[in-house]
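Under numbering that gives the first Met the number 0, the first residue of the sequence shown is numbered 0, with each subsequent residue one higher. Note that the Cβ used here is the ideal one computed from N, Cα and C, for glycine as well. Only one structure is covered here, and it is reproduced in the block below.
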Amino acid sequence: MLTDQEQSLLGKKLLETGVLGLDQLNRVSAVCMASGIPLPRYLIDSELVSKSKVYELLAEVYGVVYVDISSFRIDTETVRAIPPDLARRYKAIPLFKMEDALNIAMVNPTDVAAIDHLAQKSGCAIEACLGAPEDIENALNEHCGAGSSVNQILEILTKERVTPNEKKSAHGTTPKTGPASEEDGHPVIELVDLIIKQAFEEEASDIHIEPEEKLLRIRYRVDGVVHQASTPPKARESEIISRIKILANMDIAENRHPQDGRIKMAIHGKEVDMRVSSVPTLYGENLVIRILKDSQSVLDLASLGCTEEMRKTFEELIRKPYGMILETGPTGSGKTTTLYAALSLLNSVDRNIVTIEDPIEYKLPLLRQIQVNPKAGMTFANALRSILRQDPDIIMVGEIRDAETAQIAIQSALTGHLVFSTLHTNTAAGAVTRLADMKVEPFLISSSVIGVISQRLVRRICEKCKKPAEPPEWMSRAFHLPAKSIPKIFRGKGCRHCHNTGYKGRIGIFEMLRITEEIQKKILANASSSEIEKAARQSGQPGIQDDALAKIAAGLTTPEEVVKAIDWGTNG
0 MLTDQEQSLL GKKLLETGVL GLDQLNRVSA VCMASGIPLP RYLIDSELVS KSKVYELLAE
60 VYGVVYVDIS SFRIDTETVR AIPPDLARRY KAIPLFKMED ALNIAMVNPT DVAAIDHLAQ
120 KSGCAIEACL GAPEDIENAL NEHCGAGSSV NQILEILTKE RVTPNEKKSA HGTTPKTGPA
180 SEEDGHPVIE LVDLIIKQAF EEEASDIHIE PEEKLLRIRY RVDGVVHQAS TPPKARESEI
240 ISRIKILANM DIAENRHPQD GRIKMAIHGK EVDMRVSSVP TLYGENLVIR ILKDSQSVLD
300 LASLGCTEEM RKTFEELIRK PYGMILETGP TGSGKTTTLY AALSLLNSVD RNIVTIEDPI
360 EYKLPLLRQI QVNPKAGMTF ANALRSILRQ DPDIIMVGEI RDAETAQIAI QSALTGHLVF
420 STLHTNTAAG AVTRLADMKV EPFLISSSVI GVISQRLVRR ICEKCKKPAE PPEWMSRAFH
480 LPAKSIPKIF RGKGCRHCHN TGYKGRIGIF EMLRITEEIQ KKILANASSS EIEKAARQSG
540 QPGIQDDALA KIAAGLTTPE EVVKAIDWGT NG
């Protein structure tokens, strides 16, 4: 953070060089003072001044040189000249070394105490220059994050000799040698910890440990897409899998049957919960680690991608004293996240909220959260019966999977409870027919269900490299639209911020089906889902395709992402 004096000196530089006029600078300074946004950040984000110009002038204020790290090739060996924890503490990244002088880019190159500390640790004279904070953060993640440490340990493991008891069996798998000891297995223990930390740093939702005939593949699911992370030596497969199973309190001697476990680990000072699943495959045990969210990860409805109109409608529904609200969509479409965004709005000391989940993906204070455990007789239906005697105001059932759960949930909604749940259907209207398939009477559905949301998740275009682009020729045909109605589109060019994918994060595409009197009549008449959809469109309720096109036009996602997520033959 710049001091008031430094911001004032930067302002003078902007005037002296003619980059800004006096009136313009006064307006900008007033906005920065009112919002608390640093002057350099505001100038760059508002595109009033180029990033390079801002930092060149700021470097003159500091009396140092500015280096554009984003285009600078940094040597890994040079980075190791200072400990990673100090590099992160002082937001400093070594650039190059000449004899006993180490050139370091820093966010604050005038921090004398930091420079002295770095000089002491590196044994070099420090020459500090200025780097942009976001560029230094990206460089630290690349060179000082868990990913760089993983590569170092993999080098060690690859060079180590394979001992006789680690030779492969005839069918290509590595025999179980048991968990590594602290003496010879420490690199493996550290490797597993770093693989998990790297996944956390990359905001992955899942870690896949996949044995193949000649290698052990590690993949992360980031923004819904699985990508390669690392490839440990096949000879270390049994030790790596055993280490994960030990952390998850699973039976390391059992490799013929599926198992489930949980891991709790502190990462960067934050306690992280993970769910582990193992299944035997042709070449060994396949493990998937799901990284669960906490209360701080719960987003509000606007952040999820809800339009202002839909957010108001949704909030009206969830404020009702009783009734059922359903979330529909395929696995991994963000249904639970949306329901938790609603629960976080309702969560208060004057309401008793109870949830039944499998698994518990978010942890919120005040909520009574119940984990389904079929082996212990704790099914959705049994748990739902029990919590009705716990005086709940609001109930969330993780998923309606069978007729018994559906019947109890419907009765709960009719007897004064607000009930949230999810169904695996492709459309919002399909939720009505799915309940009917579960032998729920039409009059019970029409009386209890007050709203249904259908949603999908698509990747969001990276804001750092987003540029206007020409719509592809196939859009008109795929979206069933005349060419003149095709919206403008944007694409991400690819940058370090998004790992050159052009996407960063995900956003929801939604459809809200309000159960109006006309739709209630359709339900009572056993109407098909297409007839219910038609009635919703006639009453002015937009479809999921309308929301998708609006998000393409707003530059939030791309046509390619949308066509992967939505069937345009439904009501497009």
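With fewer than 16 other Cβ atoms inside 10 Å of its own Cβ, ASP390 counts as exposed. Under DSSP, CYS128 takes part in a beta bridge, and its partners are ALA104. Membership of GLN197 in any beta strand (DSSP E) is not indicated; the residue belongs instead to the alpha helix (DSSP H) covering 181-200. GLY62 has no beta-bridge partner at all, per DSSP. Where VAL278 is concerned, the enclosing beta strand (DSSP E) starts and stops at 269-280. Under the criterion of beta carbons closer than 8 angstroms, ALA127 and VAL66 do not qualify as touching, at roughly 10 angstroms. GLN227 carries a strand assignment under DSSP once its states are collapsed to helix, strand and coil. Under the 10 Å beta carbon count, THR515 is surrounded by fewer than 16 other beta carbons and is classified as exposed. Under the three-state reduction of DSSP output, ALA428 falls in the coil class, being neither helix nor strand. Bounds of any beta strand (DSSP E) do not take in HIS116; it lies within the alpha helix (DSSP H) bounded by 111-121. Secondary structure of ARG255 (DSSP, three-state): coil. When C-alpha distances from ASN425 are compared across ILE288, ILE452, ILE290, the shortest belongs to ILE452.
Around the CB of PHE478, 16 or more other CB atoms lie within 10 Å, so the residue is classed as buried. Here the region 317-331 makes no contact with the region 362-369; the two share fewer than three CB pairs at distances below 8 angstroms. If only complete runs of 3 or more residues are kept, the region 295-333 shows the beta strand (DSSP E) at 322-327, in order along the chain. In summary, VAL278 is exposed, with fewer than 16 beta-carbon neighbours lying within 10 Å of its beta-carbon over all protein chains present. Sorting ALA482, ASP134, LEU129, GLU462 by C-alpha distance to the C-alpha of GLY62 places LEU129 at the top. Between ALA341 and PHE313, the C-beta gap is smaller than 9 angstroms, which places the two residues in contact.
Taking 9 angstroms as the cut-off, the beta carbon of GLY415 is found no closer than this to the beta carbon of PRO486.
The continuous alpha helix (DSSP H) containing GLN4 extends over residues 3-15. In the structure shown, GLU209 adopts extended strand secondary structure according to DSSP, grouped into three states. Residue burial is scored here from C-beta neighbours: VAL224 has fewer than 16 other C-beta atoms within 10 angstroms and is therefore classed as exposed. Contact annotation: GLY554 and LEU512 have beta-carbon atoms that are not nearer than 9 angstroms. Proximity of the region 302-310 to the region 261-273 falls short of the contact definition, fewer than three beta-carbon pairs being nearer than 8 angstroms. Under the DSSP assignment, ASN285 falls in the beta strand (DSSP E) whose first and last residues are 283-290. Taking one beta carbon from each stretch, the region 485-499 and the region 459-477 have 3 or more pairs nearer than 8 angstroms; the two touch.
Excluding residues up to 5 positions away in sequence, VAL64, TYR65, LEU129 lie with their Cβ nearer than 7 angstroms to the Cβ of ALA58 in the same chain. Counting the other CB atoms within 10 Å of its CB gives LYS483 a total below 16, which places it among the exposed residues. Closest by C-alpha distance to PRO541, out of GLN454, PRO257, TYR89, ILE208, is GLN454. Along the length of the region 432-475, whole alpha helix (DSSP H) runs at least 4 residues long occupy 441-447, reported in chain order. Counting along the chain, no beta strand (DSSP E) covers GLN519; the unbroken alpha helix (DSSP H) around it starts and ends at 516-523. One thing to note: PRO231 has its Cβ no nearer than 9 angstroms to the Cβ of ILE251.
Nearest to ALA100 by C-alpha distance, out of ASP110, LYS120, LEU85, THR109, is LYS120. At a cut-off of 3 residues, the continuous stretches assigned as beta strand (DSSP E) that sit fully inside the region 356-397 are 367-370, 393-396. ILE262 has MET273 as its beta-bridge partners, per DSSP. Sequence-distant Cβ neighbours of GLU510 in its own chain, meaning closer than 6 angstroms and more than five residues away, are ALA427, SER453, GLY542, ILE543.
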